[in-house]
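Chains as they are written, first to last, in UniProt numbering: chain A, 1 to 514; chain B, 1 to 306. Don't be surprised by glycine CBs; every beta carbon is placed ideally from N, CA and C. Note that this is a predicted model, so its numbers are computed, not measured. I have placed the structure first, in the form of structure tokens, so that the comments after it can refer back to it.
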């Protein structure tokens, strides 16, 4: 530990040791399973990592034989000990105790803690909730006055924002307030095309051991316990950023963690911007625990604006679509067939009669499957690992009561364009949760002033589950949800998890991803 | 891997052999089926076959009204002819349009969607086409809007759409923006052909950049393979990879720890390069690599030569 602690604006160094007596350290280590803990320790013992996580080794002159965990004399010896533990069975506690009271009794470094935390994230990929933000280029103000006013997005810009990890971290550090110290750790998860930046924040003006020490007397409030961790993920080759919710080791209020998040949302665009090149973050309306889904809907590929049934156009290896392929694209669902089938089906009268023969039932089932295939394409399969666990939808359409629907006759269009012109906007009470809804509403208020006769209840739908859209697909396949009349947002093709529905469509986004 | 090699025994190897044989036979069946399909499609569109079918179907219709297998075959043949014509257009024109129906019952404009299909070639084959789906969401206006697309985010589709397919003015006759009307008329004109051309240009350039970086990677990989035989003193390029989304920045790594950044423009012209060595900037390495080359493709020959 440095002897002098001077307030500074520098970041926390990776090699800063944290006392193992700290509860947070033991808690972080205890979260891991024994195998991943051991493999991580062996990583720490790698010769290249010695500057960042040096274990306590025995020197020749001192000998403490009464020690519970006698110190090893060399790295190799230590590595053998932990490899042995890997071979045999045992408890997790044994390993944690050995780390905390034995080989790293003088303290584990922030780097080691970051590794432990990230390892936990890899072991439990669903432990964090990610929110997607779009990086948007702002117009360079043309005059002095313009610089003061609200910034407008530059819609005609052709440049794509670029992320350079080390420059970004440097710039972000410049944005962090001086009474807060942060430790950054960049990591590249295996199998996911993104960079993961872990930001560990401590309220302290110092960047020495004082910042993470427990024994600062009355200044205990600035201790390690009030630290918070936030992850930022930067997908490769995509103008998006995913931000995790913040975790804290100690007790913090929700307001505090929200303000931290707001701080980071403010800081990221500033760190990405350069002179005459400004960026802002815009919420993309997608929040999920599943990084694979985020990469699918807001990633680098072709699938960003072609979800649901449109995914057949984006699917990479599904069918050979080369113009040099002389073989006819095979039904059932090559592009024309799929939509034609559906168009015909929409006008077809659906038999509601109860005395369905077995044959008829099978036909129905097959038809439902086909419709599901047409509406969902190859997306929303239960086993595709792209599950969204929560979807919030606010329906703003007026409640249409048509006699035809009551009598249960033919399939009617839910609404036609004329009547939808007369809808008026609901001026209901807005709850705090609906901030995102409000934002969507601000998008296009082109047809205010309408018909007071329309009854517009405020309907909010929330879908919960391990894979919401796969569940809806299964309902369609089972014939419970009518696949032809089902609105488009139920297929997940908009790529949002929160949105307001107007005229049967998600407002603001319109799915184009522009 | 290690556990598998341990398990290997003579008994298993015969089973493996059988498995391999089955797999190869299956592959053979697949390829034969594929060949059969191709032969069928060729036969179906050939002139004599079609003539034969047409003659026979005429006879049939004279004799009876039933549609037999001949009519079915003729229908298939017609489909095949149409498909081949479509393929011909697609491979020659590179931008083709198609009509799509939006399956969403609430879709705007009755679900009519105009699809644009962009064929891009890379490494002497057609890559999976890029699609743009346009619809007409604006009331009382025939203006188009990008509805769905399969263009990767590193192609500035949004910017191009804002330039060439601007939205119509929100409210007509609004007193406030009267002065905007002069320039506004021009600005709100949509130009679909121009949009399609500009987008295709971007797509092709992007694909070309990706392709050339892939080629460079291949050359570097093969150079690395031979490096063991040659003297280890000379630092060779160990890795080349695209460093940004648009593949305009290329990071180059040497075997002795030097790292460089090569910047090219949209068309693959070299703009600049910087190499950071152990002792600051290494201009010699830049000279050695770039020399007098103007384009990224020319590096390929140079790397192959070394």
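Run through DSSP, which three-state label would residue 183/A get?
-> DSSP, read as helix, strand or coil, puts residue 183/A in strand.
Give a yes or no on whether 8 angstroms exceeds the smallest Cβ distance from residue 153/B to chain A.
-> With respect to chain A, the C-beta atom of residue 153/B has a partner C-beta closer than 8 angstroms.
CB-CB under 7 angstroms to residue 53/B, same chain, minus the five flanking residues each way: which ones, in chain order?
-> Excluding positions up to five away in sequence, the list reads 70, 73, 74, 77.
Where residue 188/B meets chain A, residues with beta-carbon distance less than 9 angstroms = Those do not exist, as residue 188/B stays about 14 angstroms from chain A at its closest Cβ, beyond 9 angstroms.
Nearest to residue 271/A by CA position, among 311/A, 164/A, 284/A, is which residue?
-> For residue 271/A, the nearest C-alpha among the options comes from 164/A.
For residue 286/A, the three-state DSSP class (helix, strand or coil) = The DSSP-derived three-state label of residue 286/A is strand.
When you compare only the Cα positions, how much space is there between residue 157/A and residue 166/B?
-> Cα to Cα, residue 157/A sits roughly 13 angstroms from residue 166/B.
From the beta carbon of residue 313/A, is the nearest beta carbon of chain B less than 8 angstroms away?
-> Put simply, the CB of residue 313/A is near chain B, with a gap under 8 angstroms to one of its CB atoms.
Taking residue 171/A as the reference, give the member of 268/A, 195/A, 105/A, 82/A with the closest Cα.
-> Considering only alpha carbons, the answer is 268/A.
How big is the Cα-Cα spacing for residue 497/A and residue 50/A?
-> Inter-residue distance for residue 497/A and residue 50/A is about 44 angstroms (C-alpha atoms, whole angstroms).
Does DSSP put residue 276/B in a helix, in a strand, or in coil?
-> Strand.
Whose CA, out of 144/B, 195/B, 140/B, lies closest to the CA of residue 163/B?
-> With respect to the C-alpha of residue 163/B, the residue from 144/B, 195/B, 140/B having the closest C-alpha is 195/B.
Below 8 angstroms between beta carbons: does that hold for residue 305/A and residue 313/A?
-> No, these two residues do not count as a Cβ contact at 8 angstroms.
Starting from residue 112/B, follow its DSSP beta bridges and name the residues at the other end.
-> Under DSSP, residue 112/B shares a beta bridge with 101/B.
How is residue 140/B classed by DSSP in three states: helix, strand or coil?
-> Three-state result, residue 140/B: coil.
Would you verify that the beta carbon of residue 143/B is, or is not, closer than 8 angstroms to some beta carbon of chain A?
-> Closer than 8 angstroms: no.
What are the boundary residues of the beta strand (DSSP E) that residue 234/A is part of?
-> Per DSSP, residue 234/A belongs to the beta strand (DSSP E) from 228-235.
Between the C-alpha atoms of residue 249/B and residue 74/A, what's the straight-line distance to the nearest angstrom?
-> Cα to Cα, residue 249/B sits roughly 44 angstroms from residue 74/A.
Helix or strand or just coil, what does DSSP make of residue 13/B?
-> Residue 13/B: helix per DSSP, three-state reduction.
Along chain A, which residues have their Cβ under 7 angstroms away from the Cβ of residue 150/B?
-> Here the neighbours are 302, 306, 313, 314.
For residue 251/B, which of 222/B, 286/B, 280/B, 267/B has the nearest alpha-carbon?
-> Out of 222/B, 286/B, 280/B, 267/B, 286/B has the C-alpha closest to the C-alpha of residue 251/B.
Which bits of chain A does residue 163/B rub up against, with CB to CB less than 7 angstroms?
-> Residues of chain A passing the Cβ test: 156.
Could you tell me whether the segment 89-101 of chain B touches the segment 290-302 of chain A, using the rule of 3 or more Cβ pairs below 8 angstroms?
-> In short, these stretches do not touch, since the Cβ pair count stays below three.
Closest residue to residue 364/A among 389/A, 479/A, 376/A, 262/A (Cα-Cα distance) = If we check each option's Cα against that of residue 364/A, 479/A comes out closest.
Can you find a heavy atom of the ligand PLP that lies under 7 angstroms from the Cβ of residue 312/A?
-> For the structure depicted, the ligand PLP is absent and the ligand set is empty, with no information on it obtainable.
N-terminal and C-terminal residue of the beta strand (DSSP E) that residue 136/A is part of | Run containing residue 136/A: 130-138, per the beta strand (DSSP E) assignment.
Straight-line CA distance for residue 299/B to residue 232/A?
-> For residue 299/B and residue 232/A, the gap between their C-alpha atoms comes out near 37 angstroms.
Work out the CA separation of residue 114/A and residue 28/A for me, nearest whole Å.
-> Looking at the two C-alpha atoms, the distance is approximately 9 angstroms.
Given a cut-off of 8 angstroms, decide if residue 79/A and residue 42/A are closer than it, judged by their beta-carbon atoms.
-> Taking 8 angstroms as the Cβ cut-off, residue 42/A and residue 79/A qualify as a contacting pair.
Any C-beta of chain A sitting closer than 8 angstroms to the C-beta of residue 37/B?
-> Answer yes: the Cβ-Cβ gap between residue 37/B and chain A drops below 8 angstroms somewhere.
Take the Cβ of residue 34/B as the centre, count every other Cβ of all protein chains shown within 10 Å, and call the residue buried at 16 or more, exposed below.
-> For residue 34/B, the number of other beta carbons within 10 angstroms of its own is below 16, and it is reported as exposed.
Helix, strand or coil at residue 496/A [DSSP, three-state] | Coil.
Quick one: what's got a C-beta closer than 8 angstroms to residue 261/A's C-beta in the same chain, skipping five residues either side?
-> The residues are 230, 243, 245, 246.
Does the segment 191-199 of chain A touch the segment 17-31 of chain A, meaning 3 or more C-beta pairs lie closer than 8 angstroms?
-> Between the segment 17-31 of chain A and the segment 191-199 of chain A there are fewer than three inter-stretch CB-CB distances shorter than 8 angstroms, so the stretches are not counted as touching.
Do you know how far the Cα of residue 296/B is from the Cα of residue 162/A?
-> In this structure, the straight-line span from the alpha carbon of residue 162/A to that of residue 296/B is close to 21 angstroms.
Just the chain A side, please: which residues come within less than 8 angstroms of residue 20/B by C-beta, in chain order?
-> Those do not exist, as residue 20/B stays about 24 angstroms from chain A at its closest Cβ, beyond 8 angstroms.
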